[in-house]
Amino acid sequence: MSDYLIETKQLTKIYGEQAAVKNIDLHVKRGRIYGLLGRNGAGKTTTMKMLLGLTQPTSGEVKIWRKTLRGNEKKLLPRIGSLIESPGFYPNLTATENLRIFATLRGVPNRHAIKDALDLVGLPYKDKKLFSQYSLGMKQRLAIALAVMHDPELLILDEPINGLDPIGIAEVRSFIRELCDARGKTILISSHILSEISLLADDVGIIDHGTLLEEESLAELEQKSSKHIHFTVSNTSQAARVLERDFQENHFSVLDDHNIQLYNLTLPIGKIVTAFVANGLEVSEAHSCEESLEDYFKRVTGGEGIA
Amino acid sequence: MEINLYLLLALLITLLVIGYLLAKLHRVRGQLSLIKDALMDIKNGNLNRRVLARESDLTNQICYDINEIAMSSQSRLIRQKQSEQAYKRLMTSLSHDVKTPLASLVGYLEAVESKMVTGAEQEEYIRVATEKAHHLKDFVTALFEWVKLDAGEQIFHFELCDLNELSRNIMADWVPLLENHNLSYEIEIPETEYMTRVDTTAYTRILNNLLQNILTHSDARQVSLTITETEQQAKIIMADNGKGISAADLPHIFERMYQCDHSRSAKGNGLGLSIAKELVSVHKGSITATSDPGAGTTFTIIFPKAL
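Each protein sequence line maps, in turn, to chains D and U.
First residue of the first sequence: 1, per the numbering used here; consecutive thereafter.
First residue of the second sequence: 1001, per the numbering used here; consecutive thereafter.
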């Protein structure tokens, strides 16, 4: 099995003169949540549409399950669940009736698929309420139910939390996590909200002005952006003692015999180094890392930042 | 002429029937080729693969059964993976949570051994080192207890006893400790007898861990224990007026190694609540927490009455 469930090569989409997406190489790993982060108009939706064959790329290639999407749509697309903008539901039918139409068209994996999908998003089964009477949040929930009804292996969700209230957002977030952890699904989501992506995604792709600027795991990003002071010394046991005795500090962690990290950034590095040396320690490195995730995104996107 | 007309009609009907059958055959062949592909995929280890079928398909029962088999194997595999991951997390936390205190403990002892300190300071160093050694010992003990519970190796002795009497005895042991920490307490346990089947060691452990948790983390000035009982269940409420737990941390407090203070300072070990939860579930009970940051936390345990 290949590591990448979705792989794109030099994917480009040009509308007239305007390049909406330029040479994107996307790598989505199996069984993980990939968050595509970018501001409005950065090219997230266009990229997702190309992944689903909803619009043809100007150049470049999309591979899903190691097969080129073009020419294999009939085989590949039924295995994907998607939510792009709002799907066309009949306003004069109920949620259950709407889903039944899609179930008849596409087929379902078992007899209780419609009920399961509605349960998952917290909508009532066989309710009498018409789709036209639904609130924005309920419409969004129904759209998510439609995306998961056929139990797809891959989910592509464009801004899935749009229109949801804070409780709804938390619910959707936890069931997306659940789909990945407990059912092994691969999920690609997009958002313009940094905190949303950092709460949910395992891997992050940052897209800006149609270009993929960075692609990394969230763990690596957090490692990079953690706030700490790092010391490399000859003996970490002694360093730990000095910190406790001379600075009354116990927010640190010993990485190994020579490396120690301190989490209180208000401490004076110079004084600590002096104290280390006075206690017979050799200090070969001392530096502080204090870039937050937000600072990092600001830097990557060229100063404009992401809300 | 008449006969010819009938013949023509019969021919037409026959053609229609043949056409219908051919269409059915075509659909079944399509389904069979889908099933073949899916089975190959499942055989190669992709247990997420589903075969979609419509209600009208002749093959639908076969498809649904394949899906069910794949799904149940998948969930078994994921459970196994999750416990492997939990074990890995445990090892990482272990190496971290033992390494830092051990390093500083060594630091104090080295300082004493190399005569860097003398007199009263030397005494003080030995006292600190002993305290740290005890803390480590407690941590390792708690950890082994957790591992034993997690692996299902702990043996319980359920016996019929008076829950009210037992709770009073446990609290009696805590009174001097609470007074030492300047904590006022309020204990409301019914005077009547409430016979139920519990493991007394486990029950003691649950209350101890909750109280220890309040003592270590809450900065509370007051704790209260209230027990109310009905024919079906006993409700044990432990509340404090401490700093509370933030909404972001609250869902995770029963997870092993989760600590609200993310820098993992020397206090606590992140195991107490997790052990308490395991022990409550052994009694088929439930434990929940609600908190009002700044105003306190309330733990509620519900034990079904068992005879």
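Just so it is clear, CB atoms sit at the ideal spot from N, CA and C, and this is done for glycine as well.
In this text the structure is predicted, and so the values were computed from the model without any measurement.
- request: Alpha carbon to alpha carbon, how far is U/Asn-1208 from D/Ser-82? Give it in angstroms, no decimals.
  value: Spanning the two alpha carbons is a distance of roughly 50 Å.
field: Min CB distance U/Arg-1054 to chain D below 8 Å
entry: So, interface residue.
message: Let me check one thing: in DSSP terms, what residues is U/Cys-1161 bridge-paired to?
response: The secondary-structure analysis by DSSP pairs U/Cys-1161 across a beta bridge with U/Thr-1196.
- prompt: Would you call D/Thr-46 buried or exposed, if buried means 16 or more other Cβ atoms sit within 10 Å of its Cβ?
  reply: Label assigned to D/Thr-46: buried.
query: With which residues is D/His-27 paired in a DSSP beta bridge?
result: Beta-bridge partners of D/His-27 (DSSP): D/Glu-7.
Residue range of the alpha helix (DSSP H) that includes D/Asn-250: Going by DSSP, D/Asn-250 is part of no alpha helix (DSSP H) at all; its letter is neither H nor E.
task: Determine which residues of the region 165–191 of chain D have a Cβ less than 8 Å from any Cβ of chain U, and write them out in chain order.
output: So the close ones are Asp-181, Ala-182, Arg-183, Gly-184, Lys-185.
Pair within 8 Å by beta-carbon distance, D/Ile-229 and D/Ile-269: In this structure, D/Ile-269 lies closer than 8 Å to D/Ile-229 by Cβ.
message: Taking the beta carbon of D/Glu-216 as the centre, do at least 16 other beta carbons fall within 10 Å, making it buried, or is it exposed?
response: The Cβ neighbour count for D/Glu-216, taken over all protein chains shown within 10 Å, is under 16; the residue is labelled exposed.
- prompt: Taking only runs of the alpha helix (DSSP H) that begin and end inside the region 86–156 of chain D, which ones reach a length of at least 4 residues, in chain order?
  reply: Secondary structure within the region 86–156 of chain D: the alpha helix (DSSP H) runs of 4 or more consecutive residues, fully enclosed, are 95–106, 113–121, 136–148 (chain order).
message: Suppose contacts are defined by Cβ-Cβ distances below 8 Å. Is D/His-192 in contact with D/Asn-40 by that definition?
response: Cβ atoms of D/His-192 and D/Asn-40: closer than 8 Å.
Unbroken beta strand (DSSP E) run spanning U/Ala-1234, endpoints: From DSSP, the beta strand (DSSP E) with U/Ala-1234 extends over 1233–1240.
message: I'd like to know whether the C-beta of D/Glu-215 is nearer than 8 Å to at least one C-beta of chain U.
response: At a cut-off of 8 Å between C-beta atoms, D/Glu-215 does not count as an interface residue with respect to chain U.
- request: May I ask you to report which of helix, strand or coil DSSP gives U/Pro-1190?
  value: U/Pro-1190: coil per DSSP, three-state reduction.
query: Which chain D residues sit within Cβ distance under 7 Å of U/Gly-1107?
result: What U/Gly-1107 touches in chain D, judged by beta-carbon distance under 7 Å, is Ser-237, Gln-238, Ala-240, Arg-241, going in chain order.
- prompt: Can you list the residues of chain U that D/Arg-106 reaches, using a CB-CB cut of under 7 Å?
  reply: Going along chain U in sequence order, the residues near D/Arg-106 (Cβ under 7 Å) are Leu-1052.
- prompt: How close, in whole Å, do the beta carbons of U/Ile-1301 and U/Ile-1206 come, if the pair is a contact with beta carbons under 8 Å?
  reply: That belief holds up - the Cβ atoms of U/Ile-1301 and U/Ile-1206 are roughly 7 Å apart, short of 8 Å.
Where U/Glu-1068 meets chain D, residues with beta-carbon distance less than 8 Å: What U/Glu-1068 touches in chain D: Asn-110.
- request: Could you check the C-alpha separation between U/Val-1140 and U/Arg-1197 for me, to the nearest Å?
  value: Cα to Cα, the separation comes out at about 30 Å.
- request: Output the distance between the C-alpha atoms of U/Glu-1002 and U/Leu-1009, rounded to the nearest integer angstrom.
  value: Those two C-alpha atoms are separated by around 11 Å.
- request: Flag this pair as yes or no: are the beta carbons of D/Thr-104 and U/Glu-1055 separated by less than 8 Å?
  value: Taking 8 Å as the Cβ cut-off, D/Thr-104 and U/Glu-1055 qualify as a contacting pair.
query: Taking 8 Å as the CB-CB cut-off, is D/His-27 touching chain U?
result: Contacts with chain U at 8 Å (Cβ-Cβ) do not include D/His-27.
- prompt: Around the Cβ of D/Leu-48, are there at least 16 other Cβ atoms within 10 angstroms (buried) or fewer (exposed)?
  reply: The question names Leu, but residue 48 of chain D in the sequence shown is Met. Result: buried.
message: Would you say D/Ser-253 lies against chain U (beta-carbon separation less than 8 Å)?
response: Closer than 8 Å: yes.
field: Beta-bridge pairing of U/Ala-1295 - partner residues as DSSP gives them
entry: Per DSSP, U/Ala-1295 has no beta-bridge partner at all.
message: My assumption, with CB atoms under 8 Å, is that D/Leu-11 sits in contact with D/Met-50. Please give the rounded CB distance.
response: The C-beta distance from D/Leu-11 to D/Met-50 rounds to 6 Å, short enough to meet the 8 Å contact threshold.
query: If you draw a straight line from the C-alpha of D/Ile-197 to the C-alpha of D/Gly-35, how long is it?
result: D/Ile-197 and D/Gly-35: Cα-Cα distance of roughly 6 Å.
message: Only counting the same chain, and skipping five residues up and downstream in sequence, which positions put a Cβ closer than 8 Å to that of U/Trp-1146?
response: Excluding sequence neighbours, U/Trp-1146 sits near Arg-1256, Leu-1271, Ser-1274, Ile-1275, Glu-1278.
query: Since D/Leu-164 contacts D/Gly-137 with CB under 8 Å, what's their CB separation in whole angstroms?
result: With 8 Å as the limit, D/Leu-164 and D/Gly-137 qualify as a contact, their Cβ atoms being about 5 Å apart.
field: Any C-beta of chain D under 8 Å from that of U/Ala-1120
entry: Not closer than 8 Å to any Cβ of chain D, the Cβ of U/Ala-1120 fails to qualify, so no.
message: Against chain D, does U/Ala-1111 count as a neighbour if the rule is that its beta carbon must be under 8 Å from one of theirs?
response: Answer yes: the Cβ-Cβ gap between U/Ala-1111 and chain D drops below 8 Å somewhere.
query: Is U/Arg-1061 buried or exposed, if buried means 16 or more other CB atoms sit within 10 Å of its CB?
result: Before going further, note that residue 1061 of chain U is Gln rather than Arg in the sequence given. U/Gln-1061 sits exposed, since fewer than 16 C-beta atoms from the chains shown fall within 10 Å of its C-beta.
message: Quick test of your reading: D/Thr-94 and D/Lys-128, contact by CB under 8 Å. State the CB separation rounded to the nearest angstrom.
response: About 6 Å separates the beta carbon of D/Thr-94 from that of D/Lys-128, a gap short enough to meet the 8 Å contact definition.
message: Whole angstroms are fine: how far does the CA of D/Glu-291 sit from the CA of U/Asp-1150?
response: The C-alpha of D/Glu-291 is placed about 38 Å away from the C-alpha of U/Asp-1150.
- request: Could you tell me which chain B residues have their CB closer than 8 Å to the CB of U/Thr-1100, listed as they occur along the chain?
  value: Absent here is chain B; the protein component of the structure consists of chains D and U.
query: Just by C-beta distance, which residues in the region 139–163 of chain D are closer than 8 Å to chain U?
result: So the close ones are His-150, Asp-151, Pro-152, Glu-153.
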